[in-house]
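**Q** Protein chains in written order, with the numbering used here: chain A, 1 to 413; chain B, 414 to 817. All residues carry an ideal CB built from backbone N, CA and C; glycine is no exception. Just so you know, these numbers come straight off a predicted model, no measurement behind them. Sharing a structure below in structure tokens format, with a few things to ask.
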Amino acid sequence: MGAKRRDFVVGLDIGTTKICAVVAEQDSKGVPCVIGVGITPSYGLRKGIVVNLESTTDSVEKAIELAEDMARIEINSVFAGIAGGHIGSVNSRGQIPITHKDNEITNDDVKRVVSMAKAISIPIDREVIHTIPQEFIVDGQGGVKDPRGMSGVRLEAEVHIVTGAITSAQNIVKSITRAGFQVEDIVLQPLASSLATLTQEEKDSGVILVDIGGGTTDVVLYLDGSVRHTYVLSLGGDHVTNDIAVGLKIPIAKAEEIKKRFGCARVDMVSENEEFMLPGVIGRAASRMQRKQLIEIIELRMEEIFDLVKQDVERTEYGELVSSGVVLTGGTSLLKGSIEMAQDIFGIPVRLGTPRGVTGLIEVLDSPIYSTGVGLAQYGFKFRGSKKPRPFTGRNIFTKVIRRMTEWVGEYF
Amino acid sequence: MITFSQKQKKPRKIIAIGIGGAGYNVINDIVRNSVPGVETYFIDSNKTTIKDCLSQIKYCIPRKLVGELGGNAGSRAVNSPEVKALKENLKCFVNSLPPAEMVFTISGLGGGVGTIIMPLLIPLLKQRRMWVWSLVTLPFFFEGKTKIINSLARLRPIYEIANAVMVVAHDRVFKMVDKNLSMKEVFTPANNLCGELILAVTRLTCCEDSDHQVKIRFDDIKRKLTDRRATCFAKGGGSGSDRIKKAIEEALKGPLVSVELLRSAEGIIIDICGGKNLSMDEIKKGMEFLQAEVSDRVSMSFGITVDDGLKDRAQVCLIALGVDSDNAANSWGLSLEREDSRRGRLEAAGNKSKDGSQRPRRYRKAEQTMINFKQLSKGRFEKSKATIYEGIDLDIPTFLRKKR
């Protein structure tokens, strides 16, 4: 082609219902500009975890090819998302004395205090995925975002540590490398979604991001501008579909179709005697059915998902401090009435989160289903800004997973 | 050298399912006497009996489901929501059973749990290609005419669905036993009869030990039963010379058989069990005696077991297959006249219930309960790692877990 090599990043959202590749390049103002999107249905995952490597590899390949065609570029490496019930998170705190002559805190001090904070014991089959500094405390004075250059004798750090099962991360990487691409980094999906959907003001005043996907519901709680809590619940839109399939005795594919066409999260939002056609399956004719009956099934499940999220948030000490409300995103948030239901259950304002802070194909991307994909691309830009890409290869997956621990530190300055 | 792999022949499995109070007694009796080769199951809605039952596997039906049916499940419309819910529940149970050649279902017909479940359970078992032999007990006469008449009405559909039916009329059994029997042992003779039948059938068809000289093929039993599905059973013992003859004589005096009944049978199966010194001549004499008592038309087949423990005694079990069910009813002391009056009354009752059924019924959702060996449907999540939250499996549809 002869065109000059453009600097772009690719976010690859490997979800339970769809796999989505988002290609973005930096425009003249330095804002990420989406130039290509590829989306394919996903068959190889259950609840966010790879269960069929081969079909996941196929879908990844197809999604990236589609994105390549749209963006007219050749993709080599991607930023991949990770989720699933194996994800766990914990807040931790570390403390070091500053012993330099002038008591000035240096870059090395910051690294040391963060590594002190993340020195928690975790099971052998788990690994740290993210270590995110929340705030630094210099001589007892909290709320410091960047302590470098400050003077003090004691430096403390509060960090948020996200851990996951090594094998689950490995399988995500494997399915991408087998498709012929390199993995630049793996990122917790809700963190990526939060980059794409939340504003800085919301993060400062406190916000709960609830990303209801197909297989999992991911939660991130921000307060004072930093991540305070993350949670992955292994329930999602697939469970709604499955409930419909079990309740109405229809195949999964039909249940999915009905959910999208007639589904609603609240019974009081449909009129009493509304009916819809239950499509016939082999050997059974189509029949009319009360829409209320369908919605009762959906309502109970959605209520349960929100209840569990609420319970989880309430267990943390931050639940009551959130003042910007809840941001709902992910494919299942498109279900009619889910915003209203969330509002009822959480009792605070709820809005729908769609990708923002990007230019380019914004009409295409103006949907909550692209939050994670766009967020991953945004993460890529932030990350690339400070360091050269160091691609994952099949061989050093482990070292990479360990190495990436400090990388959020760099990003925060 | 060529070696042939010896295929281990799977022993034919026989399952005994006890339902309700009567089933409880019989199943406990079977377990206590440890009948080999029989797997026992027990179904009830009463948690106390479930707890006390000695059966290997027990299944608790939600009390709500049976409570409202009031013993009329068989006669009620098949597609009524209550019956449907119960059926779904039972399907769960039946699907969890291992494949078996023959199933004995044991229950009373007095209007309790067994009365409701038996007619629903049998078709489900037959769907799984099991051969169903129903053992039912009838209430005592002193419990009132109505109860007897109702239980007879419930017996009729069972004749039509089960492959074979044996009725144990308590009154008949009690005529034969000591009048001063203590309350604790009141049901023992009837239980023994049921247990003995199952034992005899097991011994005849699927006994693996080498002491069994003549076996009866399972298909023989099936073939001998055509339209007339009633069966009856008797056992007797004898010792000394002519012990087989003596045993047969005693068996013919048994509470559930009569010579007339045997004459109407399609076939008679005799299980002869004796000590080592059992001679062919004895058996021949005994069989000739029986042949003379019943008509020549009745075909007989016999199995012989040698049991050292019996020494000079012998035991005989008679199983009459394909007995005329009306004839059998007569022999329980119920006149046809009563049948007629029952019919009339039933029709009247039928009309009444028809009027009653026009009342609007509230539809009740099928309800399932957690049981230890079969989980609720999880649909597509059946095989993925369960999402357990505070002990609740969240993959099970919420609407099944939570009641509105």
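Using a 10 Å radius around the Cβ and a threshold of 16 neighbouring Cβ atoms, would you call Leu-53(A) buried or exposed?
**A** That one is exposed.
**Q** Beta carbons nearer than 8 Å to chain A: which residues of the stretch 796 to 807 of chain B have them?
**A** Taking 8 Å as the Cβ-Cβ cut-off against chain A, the residues of the stretch 796 to 807 of chain B that qualify are Ser-797, Lys-798, Thr-800, Tyr-802, Leu-807.
**Q** So which residues of chain A does Lys-815(B) contact, with C-beta pairs closer than 7 Å?
**A** By Cβ distance, chain A contributes Leu-300.
**Q** Could you compute how far the alpha carbon of Gly-667(B) sits from the alpha carbon of Arg-284(A)?
**A** C-alpha separation (whole angstroms): 55 Å.
**Q** Would you mind reading off the limits of the alpha helix (DSSP H) that contains Ser-547(B)?
**A** Run containing Ser-547(B): none in the alpha helix (DSSP H); it sits in the beta strand (DSSP E), 544 to 551.
**Q** Below 8 Å between beta carbons: does that hold for Val-549(B) and Ser-458(B)?
**A** No. Outside cutoff.
**Q** For a contact meaning CB atoms closer than 9 Å, what does Phe-794(B) contact in chain A?
**A** The contacting residues are Arg-46, Lys-47, Asp-238, His-239, Asn-242.
**Q** Report yes if the C-beta distance between Gly-375(A) and Leu-195(A) is below 8 Å; otherwise report no.
**A** For Gly-375(A) and Leu-195(A), yes; Cβs fall inside 8 Å.
**Q** Compare the C-beta of Leu-188(A) with all C-beta atoms of chain B and state if any pair is closer than 8 Å.
**A** Taking Cβ atoms only, chain B never reaches closer than 8 Å to Leu-188(A), which makes this a no.
**Q** Between the alpha carbons of Val-707(B) and Val-448(B), how many angstroms are there, rounded?
**A** If you take the alpha carbons of Val-707(B) and Val-448(B), they lie about 30 Å apart.
**Q** With 8 Å as the threshold, decide whether the Cβ of Pro-810(B) is near any Cβ in chain A.
**A** Pro-810(B) counts as touching chain A.
**Q** Below 7 Å on C-beta distance, what does Gly-247(A) contact in chain B?
**A** Residues of chain B passing the Cβ test: Pro-810, Phe-812.
**Q** Comparing C-alpha positions only, which one of Lys-798(B), Gln-728(B), Arg-445(B), Thr-462(B) sits nearest to Arg-476(B)?
**A** The option with the nearest alpha carbon to Arg-476(B) is Thr-462(B).
**Q** Just mark Phe-555(B) as buried or exposed, buried being the case when its beta carbon has 16 or more other beta carbons within 10 Å.
**A** It is exposed - the Cβ of Phe-555(B) has fewer than 16 other Cβ atoms within 10 Å.
**Q** Shorter than 8 Å from the beta carbon of Gly-88(A) to some beta carbon of chain B?
**A** No, no contact with chain B.
**Q** Are Asp-725(B) and Cys-686(B) close, meaning C-beta to C-beta below 8 Å?
**A** No, Cβ-Cβ distance for Asp-725(B) and Cys-686(B) is not below 8 Å.
**Q** Tell me which residues share the same chain as Ile-137(A) and place their Cβ nearer than 6 Å to its Cβ, disregarding the 5 neighbours each side in the sequence.
**A** The answer, listed in chain order, is Glu-156.
**Q** Mind checking which residues open and close the alpha helix (DSSP H) that includes Thr-559(B)?
**A** That run of the alpha helix (DSSP H) goes 558 to 574.
**Q** Would the stretch 206 to 226 of chain A count as touching the stretch 105 to 119 of chain A if we require 3 or more Cβ pairs under 8 Å?
**A** The stretch 206 to 226 of chain A is not in contact with the stretch 105 to 119 of chain A.
**Q** Can you tell me whether DSSP reads Gly-521(B) as helix, strand or coil?
**A** Gly-521(B) falls in the strand class under three-state DSSP.
**Q** Quick one: list the residues of chain B neighbouring Glu-314(A), beta-carbon separation under 7 Å, in chain order.
**A** Simply none; closest approach about 14 Å.
**Q** By the 9 Å beta-carbon criterion, what residues does the stretch 265 to 297 of chain A contribute toward chain B?
**A** Listed in sequence order: Glu-296, Ile-297.
**Q** Does the count of Cβ pairs from the stretch 557 to 567 of chain B and the stretch 513 to 523 of chain B closer than 8 Å reach three?
**A** Result yes; three or more Cβ-Cβ pairs closer than 8 Å.
**Q** For Thr-17(A), decide whether its Cβ has a neighbour in chain B, counting only Cβ atoms nearer than 8 Å.
**A** So no, Thr-17(A) is outside the interface.
**Q** Helix, strand or coil for Tyr-802(B), going by three-state DSSP, please let me know.
**A** If DSSP states are grouped into helix, strand and coil, Tyr-802(B) belongs with the strands.
**Q** Identify which residue in Pro-32(A), Val-153(A), His-86(A) has its Cα closest to the Cα of Ser-168(A).
**A** Of the listed residues, the one whose Cα sits closest to Ser-168(A) is His-86(A).
**Q** In chain B, which residues lie less than 7 Å from Val-10(A) when you measure between Cβ atoms?
**A** In chain order: nothing, as chain B lies at least about 29 Å away.
**Q** Helix, strand or coil: how does DSSP classify Arg-178(A) here?
**A** Helix, per DSSP.
**Q** Which complete alpha helix (DSSP H) runs does the stretch 56 to 140 of chain A hold, if anything under 4 residues is left out?
**A** For the stretch 56 to 140 of chain A, whole alpha helix (DSSP H) runs of length 4 or above, ordered along the chain, are 107 to 117.
**Q** With burial defined as no fewer than 16 other Cβ atoms inside 10 Å of the residue's Cβ, what is the status of Ala-705(B): buried or exposed?
**A** With fewer than 16 Cβ atoms within 10 Å of its Cβ, Ala-705(B) is classed as exposed.
**Q** Return no unless some Cβ of chain B is closer than 8 Å to the Cβ of Val-51(A).
**A** So, interface residue.
**Q** Mind checking the stretch 304 to 332 of chain A against chain B and listing, in chain order, the residues whose C-beta falls within less than 7 Å of any C-beta there?
**A** Per Cβ criterion, the list reads Glu-304, Leu-308.
**Q** Does Val-578(B) pass the burial test, meaning 16 or more other C-beta atoms within 10 Å, or should it be called exposed?
**A** Burial call: buried.
**Q** Quick check on Pro-41(A): does DSSP put it in helix, strand or coil?
**A** Correct three-state label for Pro-41(A): strand.
**Q** Compile a chain-ordered list of the residues in the stretch 221 to 237 of chain A whose CB is closer than 7 Å to at least one CB of chain B.
**A** Under the 7 Å Cβ criterion, the stretch 221 to 237 of chain A contributes Ser-234, Leu-235.
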